[in-house]
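If you use this note's numbering, the sequence shown corresponds to residues 1 to 315, in order.
Worksheet for the structure shown next.
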Amino acid sequence: MIDATTVLAQMTNTDAPRIHLGPESAPDWLADAVIAGGGELVPVEDADGVVWGDARNVAALADLLDDRIRWVQLPFAGIENFVDQLDHDRVWTCGKGVYAEPVAEMALTLGVAGLRHVGGYAKATSWGRPAGLNLLGGRVTILGGGGITASLVRLLQPWNCHITVVRSRVQAMDGVDDVLEADRFADALPGADLVVLALALTPETEGMFSSSEFGLMEDHAWIVNVARGRHIVTDDLVSALRDGTIGGAGLDVTDPEPLPDDHPLWTLPNCIITPHVGNTPEMAEPLLAERVTENVRRFARGDELIGLVDVDAGY
1 MIDATTVLAQ MTNTDAPRIH LGPESAPDWL ADAVIAGGGE LVPVEDADGV VWGDARNVAA
61 LADLLDDRIR WVQLPFAGIE NFVDQLDHDR VWTCGKGVYA EPVAEMALTL GVAGLRHVGG
121 YAKATSWGRP AGLNLLGGRV TILGGGGITA SLVRLLQPWN CHITVVRSRV QAMDGVDDVL
181 EADRFADALP GADLVVLALA LTPETEGMFS SSEFGLMEDH AWIVNVARGR HIVTDDLVSA
241 LRDGTIGGAG LDVTDPEPLP DDHPLWTLPN CIITPHVGNT PEMAEPLLAE RVTENVRRFA
301 RGDELIGLVD VDAGY
């Protein structure tokens, strides 16, 4: 087993880094990004690194990995599809932090829309009564301590909220009032007006929100999920929304996904659903291209890469 520093030190040279772009369907703009970073596009048998452009085609990536490949760049921040391929024999990077700004903006949009009853008004067919709550001066709990959370905390500053962040590694964060350990996330639910899920999907976080957790939330509180649908037990969410256990849900991700047309979540007035568009292709392409270009440059110099995957943690 070798660590990332050793791998990168071995690659420091004056030659252009030899990069294989895969799979064959990978878009031209990813090729342009590799070239912009000083990389040379080569067949896999001649490559030192792989830039992978398909978040679902795991088998094809697994087939081409061998001892020559010292670095793999994955396209999305969420890498749950690739967890079984991770190893300590090469450096793994992903889109961690790349999409933080647009996804944080979507989280804020869904949260404000939910609390201010915009979803209910949008579905109405006649003039209604005043409804909704202020986010101003409210209490916000965010699960996850990565780039999306950091961006969301910054966006929340004008609202003068009390912000609690739950994360695996407890450390002070600018603009955050309280930081709690991951195993204390239930303590951050009572009293919160808005709960935002912005964390990686792991065996420990799958199904972490079920009827028990919804029961700890305030009956006016909204939950916003911009992470992965499988963080939430969907049937329990439906019950919590129908029974008024919580105020509502803003979902950019669902389980299952895509959400079937006849699913009950579509019919609930206190549920706002967007089709996993916190980060659209038009937003993603320039952001991922910039990350790939920078990482190719760093790979050539033997510098630490951006978006390193914690192989042991699986994200």
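Yeah, the Cβ is synthetic: ideal placement off N, Cα and C, and Gly gets one too.
Secondary structure at residue 225: strand, using DSSP grouped into helix, strand and coil.
Restricting attention to beta strand (DSSP E) runs no shorter than 3 residues, the region 53-131 encloses them at 71-73, 91-93, ordered along the chain. Residue 306 sits in coil when the DSSP states are folded into three classes, being neither helix nor strand. For residue 229, same chain residues with a beta-carbon under 6 Å away, outside a window of 5 residues either side, are 253, 254, 255, 257 in chain order. Under the three-state reduction of DSSP output, residue 181 falls in the strand class. Counting only residues of its own chain and dropping the five nearest sequence neighbours on each side, residue 312 has no CB closer than 8 Å to any other CB. Remark: fewer than three beta-carbon pairs, one from each stretch, lie closer than 8 Å, so the region 181-188 and the region 62-75 are not flagged as touching. Linking residue 302 to residue 295 through their CA atoms gives a straight-line distance of about 10 Å. Comparing alpha-carbon positions, the option among 20, 32, 51, 87 lying closest to residue 45 turns out to be 20. Where residue 21 is concerned, the enclosing beta strand (DSSP E) starts and stops at 18-22.
In this model, residue 238 and residue 182 are separated by some 25 Å (Cα to Cα). Annotation for residue 120: 128, 131, 269, 270 place their beta carbon closer than 8 Å to its own, counting only its chain and skipping 5 residues before and after.
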